[in-house]
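Going by the working numbering, the first residue of the sequence shown is number 244, and it counts up by one from there.
Glycine residues also receive a C-beta, built at the ideal position from the N, C-alpha and C atoms.
Small disclaimer: the values here were computed from a predicted structure and weren't measured.
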Amino acid sequence: MVNPTNRDSAFYSGIYLDDESSNCFVYGNIIARTRIGVFVKGKNNVIENNIFVDSLPVEGGHIAYAGQLLIAGHSHHYPWFSASDRAQKNIFYRPGTAVNISWTFDQPLPAALRFLERCDYNLYFHNAWDIRFRIEGLAESPLSLTGWQKGTGFDLHSLVGDPLFVDPAHDDYRLRPESPAIKLGFIPIDVQVIVIRPR
244 MVNPTNRDSA FYSGIYLDDE SSNCFVYGNI IARTRIGVFV KGKNNVIENN IFVDSLPVEG
304 GHIAYAGQLL IAGHSHHYPW FSASDRAQKN IFYRPGTAVN ISWTFDQPLP AALRFLERCD
364 YNLYFHNAWD IRFRIEGLAE SPLSLTGWQK GTGFDLHSLV GDPLFVDPAH DDYRLRPESP
424 AIKLGFIPID VQVIVIRPR
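Okay, here's the thing in C-alpha cells:
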C-alpha cells in the first residue's frame, strides 16, 4: 500500500514507470490516495490485479488531469516507443463525487490506441458519477464508458459497480466473497504480506 505526500504533482504517483520503462509486471498492489495510481510510459508493461483507491486531484501539466487513476503516455524522448501495454483485472475506486476516474493518453487518436494492447475485465466505481476516459486531442473527450468501448474495443467485459471492500473507511480493502471483481477474475490480495510504504 502506498500513502501520499501532499505534493500536487503528477510525478507523485503510487508507481511511476518513466520514459522507456518496459516489460514491467505491476501486480497485487493497493495504491491509496496518491496523485496518480500508476504512470506508464513504456512498452509491454502489464498492470494487473491491482486496487487503485481515491486518487487526489492534480493541477496543471500536459499530462496532468484531475483525479485519474492511471495514465498511459508516450515517451518524450522516443514518441514512437510506447506500445502494447496491458491493463486487466484491476479495481479503480473513487468513492467521492468531485473528480471523475479517467484513463488519459497524451497523444490523440489513432496513435493513442497503440499504447494499449489489452484493457479488459476491470472494475470501475465512482459513486453515482459517470466513469470518463480522456484522450488528448479528441473533440468528444472525455468519453463515457460506452463511448470508450465502442471507440476502442477495450473494456468490453469490464463492469461498473461497488467492489464491496470489507471496510474502506478504515483502509481495509479486502474483498467480500460476493464482490463483482472476483467474477471478473480478480484474485484477492493477501494483505498479510504487504506493508504500508509512505512517500
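Buried/exposed call for residue i, threshold 16 Cβ in 10 Å
{"i": "His369", "result": "buried"}
{"i": "Gln435", "result": "exposed"}
{"i": "Ala412", "result": "exposed"}
{"i": "Ile334", "result": "buried"}
{"i": "Val438", "result": "exposed"}
{"i": "Ile430", "result": "exposed"}
{"i": "Asn365", "result": "buried"}
Inter-residue spacing [alpha-carbon to alpha-carbon] between residue i and residue j
{"i": "Gly271", "j": "Val296", "result": "13 Å"}
{"i": "Leu359", "j": "Ser327", "result": "5 Å"}
{"i": "Tyr389", "j": "Asp373", "result": "Sequence inspection shows Thr at residue 389; the Tyr mentioned does not correspond to that position. The straight-line gap from Cα to Cα measures roughly 11 Å."}
{"i": "Ala371", "j": "Gly339", "result": "9 Å"}
{"i": "Gly404", "j": "Ser264", "result": "32 Å"}
{"i": "Phe408", "j": "Lys284", "result": "30 Å"}
{"i": "Val289", "j": "Asp410", "result": "28 Å"}
{"i": "Trp391", "j": "Ser422", "result": "24 Å"}
Beta-carbon contacts of residue i that lie in its chain and below 7 Å, excluding the five residues immediately before and after
{"i": "Asp414", "result": "Ala275"}
Beta-carbon contacts of residue i that lie in its chain and below 8 Å, excluding the five residues immediately before and after
{"i": "Glu291", "result": "Phe268, Val269, Tyr270, Arg329, Ala330, Gln331, Lys332 and Asn333"}
{"i": "Ile425", "result": "Leu418 and Pro431"}
{"i": "Asp363", "result": "Gln331, Phe397, Asp398, Leu399, His400 and Ser401"}
Residues near residue i in its chain [Cβ-Cβ closer than 6 Å; skip 5 each side]
{"i": "Asn287", "result": "Ser265, Asn266 and Ser327"}
Legend entry - Touch test, the segment 384 to 401 against the segment 257 to 266, Cβ-Cβ under 8 Å, three pairs minimum: no
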